[in-house]
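Numbering (the numbering used here), first residue to last: 15 to 210.
Note that beta-carbon positions come from the ideal geometry of N, C-alpha and C, so glycine has one too.
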Amino acid sequence: MELIEKLLWYSFVVIDHVLLRGGVMKKIGRAEIEKAYEAITKDCRPLEAARFAFLFLGDSAKAVVRELEGFQNPGGGFGKALEPDFRYPGSSAIATSFAIGVMVETGLDRKHRLVKDATRYLLDSFDNSQRTWYIVPPEIDAYPRAIWWDYSGWVKEDSDIIYPGNPGAEIVGYLWHFDIHPGNFDLEEITQEMMN
């Protein structure tokens, strides 16, 4: 458990000093980063190891993209336990949103196939009557998952979404980031609704 706690501490320090402030790491050195990488490659999925190597060791983003591709489904969405707390293999808005965050992190642009396919999936899965996305589909309940991913925890009995901003607000942000707003999808209006 001590190693996990150290890794968490390292990740918070690195995120705080490098990603959020854009500064120079002051709390940990190269040796600690390499120890963290060793533990990650031993105990984590290849995706996390590739992300760590890209973000902190200067490796290419290609390995991250290659690992991420393994979580994409034929319809463009992401699943296959990309969100480790549920084992649902099909696509979901939350897993696809997470994947797009990784795409942003690696610097992919809107022309990249992964971005095009994932944003197409999200535009296609938008529920216009709810004005947002279902975070997870009802089929999730047939698969192993943490209790907070039970479908009933996210949707009322009348099928109204309980938390429309999760992951809707994040998805809207990604659509703006990639400048994707087709004519049949009023991104400005949906953005305003997410903010209210």
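Which parts of the stretch 58-120 are runs of the alpha helix (DSSP H), unbroken and 4 residues or longer, counting only runs that do not cross its ends?
Within the stretch 58-120, the complete alpha helix (DSSP H) runs of at least 4 residues are 60-71, 76-83, 107-120.
Per-residue DSSP class, three states only, for V150:
Start at 1 with the first residue of the sequence shown, and residue 150 comes out as number 136. Looking at V150 - three-state DSSP - the assignment turns out to be coil, as it is neither helix nor strand.
How far does the alpha helix (DSSP H) with Q144 in it reach, from first residue to last?
For this step, residue 144 is matched to residue 130 along the sequence shown. No alpha helix (DSSP H) contains Q144, which DSSP labels as neither H nor E.
Alpha carbon of D164 to alpha carbon of F140, nearest angstrom:
Position 150 of the sequence shown holds residue 164. Position 126 of the sequence shown holds residue 140. Looking at the two C-alpha atoms, the distance is approximately 20 Å.
How should P98 be labelled, buried or exposed, when 16 other C-beta atoms within 10 angstroms of its C-beta is the threshold for buried?
Here residue 98 corresponds to residue number 84 of the sequence shown, with the count starting at 1. Label assigned to P98: exposed.
Can you name the start and end residues of the alpha helix (DSSP H) that L10 belongs to?
This structure does not reach residue 10, given that the chain is present from 15 up to 210, and the question cannot be answered.
Skipping 5 residues on each side, what residues in its chain have a beta carbon closer than 6 Å to that of N87?
On the sequence shown, residue 87 is found 73 positions in, with the first residue counted as 1. Cβ within range, chain order: G93, S105.
To the nearest angstrom, how far is it from the Cα of A67 to the Cα of S143?
In the sequence shown, counting from the first residue as 1, residue 67 sits at position 53. In the sequence shown, counting from the first residue as 1, residue 143 sits at position 129. Between A67 and S143, the C-alpha separation is close to 42 Å.
If you measure between the beta carbons of Y157 and A107, is that distance less than 8 Å?
If you number the sequence shown from 1, residue 157 lands on position 143. If you number the sequence shown from 1, residue 107 lands on position 93. No.
At the 8 Å Cβ level, is L128 part of the contact set with chain D, yes or no?
Among the protein chains of the structure shown there is no chain D, as only one such chain exists.
Could you tell me whether the Cβ atoms of T133 and P178 are closer together than 8 Å?
Indexing the sequence shown from 1 puts residue 133 at position 119. Indexing the sequence shown from 1 puts residue 178 at position 164. Their beta carbons are not under 8 Å apart, which means T133 does not touch P178 by this criterion.
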